[in-house]
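Undergrad: Straight run, no breaks: the sequence shown in UniProt numbering ends on number 230. Idealized CB from N, CA, C, for every residue including glycine.
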Amino acid sequence: MTTSRRPQRRVLAACLTVLTTSLLATAVAPASAAGAVRVPLYYQQLGDDCEATALRMVLAAYGVREQDRTILDAIGVDLDHPEFGHSGSRSGDPFKAFVGDPDGSESDGTGYGVYYPPVAAAARGYGLTVVAAGQGIAPATVRGHVESGRPAIVWVDYLWRHLPDQPYTAYDGRSIPYAGPAEHTVVVTGYTDDTVTVNDPARGKLSVPRADFEAGYATYGAMAVLLDGA
1 MTTSRRPQRR VLAACLTVLT TSLLATAVAP ASAAGAVRVP LYYQQLGDDC EATALRMVLA
61 AYGVREQDRT ILDAIGVDLD HPEFGHSGSR SGDPFKAFVG DPDGSESDGT GYGVYYPPVA
121 AAARGYGLTV VAAGQGIAPA TVRGHVESGR PAIVWVDYLW RHLPDQPYTA YDGRSIPYAG
181 PAEHTVVVTG YTDDTVTVND PARGKLSVPR ADFEAGYATY GAMAVLLDGA
């Protein structure tokens, strides 16, 4: 799922192409949902860096122009512990830094991603206000934040599935929530009663059925970073 100039999330490439066709059939047109915030759509500059691109979009909404590589420097990249999905001394902790190569591939095992603490810390470093960051942020809380005119970065399953947790133990002893090589991050920009509008760093602007969004969002324990301007 990679284009020549828009590197997208390389997640189970062949089979996901088939599976996403029906799932996204109703979610490929830009939505004009009530309360949608104005966040520019950017695509990933690297193969596996959706979190950095999501933050780049939000930064731009507040007037800060940056590139993915520079944002990744602020987030932190751990190439010393690049493994994921299994326990071991080389298995990374995405609560501390991006695990593996940001230009790698989850399906190939060369790059995974990063969770909310480094993303929130980077956002603060750029001068944004972190309204909330963590797991257990209810969908209703995300909706209220977005409908107040502010964007939210959320972690989801790439195919909007609610998958069971398969935790592994990182090099530092932390138990890491993991649901397979389909971890993804999008920016929520709008809601209706039936749909959620997102800027997806890999697939563009989507209007996702609300039930599907909430299923995918549940996979990583309702993980989000809710942001505002300085």
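My output table needs one value for PRO82: the three-state DSSP class, helix, strand or coil.
TA: Note: PRO82 maps to coil in three-state DSSP.
Undergrad: Give every residue of the same chain whose Cβ lies closer than 8 Å to the Cβ of VAL156, excluding the five residues on either side of it in the sequence, and list them in chain order.
TA: These residues qualify, in order along the chain: HIS184, THR185, VAL186, PHE213, GLY216, TYR217, THR219 and TYR220.
Undergrad: If we count the other Cβ atoms within 10 Å of its Cβ and call it buried at 16 or more, is GLN44 buried or exposed?
TA: So GLN44 ends up on the buried side.
Undergrad: Pull the bridge partners of PHE98 from the DSSP assignment, please.
TA: Per DSSP, VAL77.
Undergrad: Can you give, in chain order, each stretch of the alpha helix (DSSP H) that sits fully within the segment 82-167 and has at least 4 residues?
TA: If we require 4 residues or more, the alpha helix (DSSP H) runs fully inside the segment 82-167 come out as 116-125 and 139-147.
Undergrad: Take TYR62 as the anchor and find which of ARG210, ARG124 and GLY173 has the nearest alpha-carbon.
TA: Per the Cα distances, ARG124.
Undergrad: For TYR115, which of TYR168, ASP93 and ALA74 has the nearest alpha-carbon?
TA: Comparing Cα positions, the closest option is ASP93.
Undergrad: Mind checking whether GLY113 and GLU66 have CB atoms under 8 Å apart?
TA: Result no, Cβ atoms of GLY113 and GLU66 do not sit closer than 8 Å.
Undergrad: Measure the beta-carbon distance from ILE153 to VAL130 and round it to whole angstroms, keeping in mind my assumption that it falls under 8 Å.
TA: Actually they do not touch by this definition, with Cβ atoms about 10 Å apart.
Undergrad: Kindly give me the distance between the Cβ atoms of ALA230 and GLY127, rounded to whole angstroms, as I take these residues to be in contact under 8 Å.
TA: So it is a contact: roughly 5 Å between Cβ atoms.
Undergrad: Consult DSSP for TYR217 and reduce its assignment to one of helix, strand or coil.
TA: TYR217 falls in the helix class under three-state DSSP.
Undergrad: Looking at C-beta atoms only, is the number of pairs between the segment 142-153 and the segment 70-87 that lie closer than 8 Å three or more?
TA: At 8 Å Cβ cutoff, the stretches do not touch.
Undergrad: On the premise that LEU72 lies in contact with ASP49, defined as a C-beta separation below 8 Å, what is that separation, rounded to the nearest angstrom?
TA: Indeed, because the Cβ distance is near 6 Å, the residues count as touching under 8 Å.
Undergrad: Helix, strand or coil: how does DSSP classify THR192 here?
TA: DSSP places THR192 in coil when its eight states are reduced to three.
Undergrad: Terminal residues of the continuous beta strand (DSSP E) containing LEU226?
TA: First-last of the beta strand (DSSP E) with LEU226: 224-228.
Undergrad: Would you please state the rounded distance, in angstroms, between the beta carbons of VAL39 and VAL64? I believe it to be under 8 Å.
TA: Wrong, their Cβ atoms sit about 12 Å apart, outside the cutoff.
Undergrad: Under the three-state reduction of DSSP, which class applies to LEU59: helix, strand or coil?
TA: Correct three-state label for LEU59: helix.
Undergrad: List the DSSP bridge partners of GLU183.
TA: Its beta-bridge partners are ASP157.
Undergrad: Between the beta-carbon of ASP78 and the beta-carbon of VAL99, is there less than 8 Å?
TA: A contact, by the Cβ cut-off of 8 Å.
Undergrad: Using a 10 Å radius around the Cβ and a threshold of 16 neighbouring Cβ atoms, would you call VAL225 buried or exposed?
TA: Flag for VAL225 reads buried.
Undergrad: Under the three-state reduction of DSSP, which class applies to ARG5: helix, strand or coil?
TA: Residue placement at ARG5 is flagged as unreliable, the pLDDT there being 39, under the threshold of 50; the coordinate-derived value follows with that caveat. Coil.
Undergrad: Sort out for me which residues DSSP pairs THR197 with in a bridge.
TA: Its beta-bridge partners are GLY190 and SER207.
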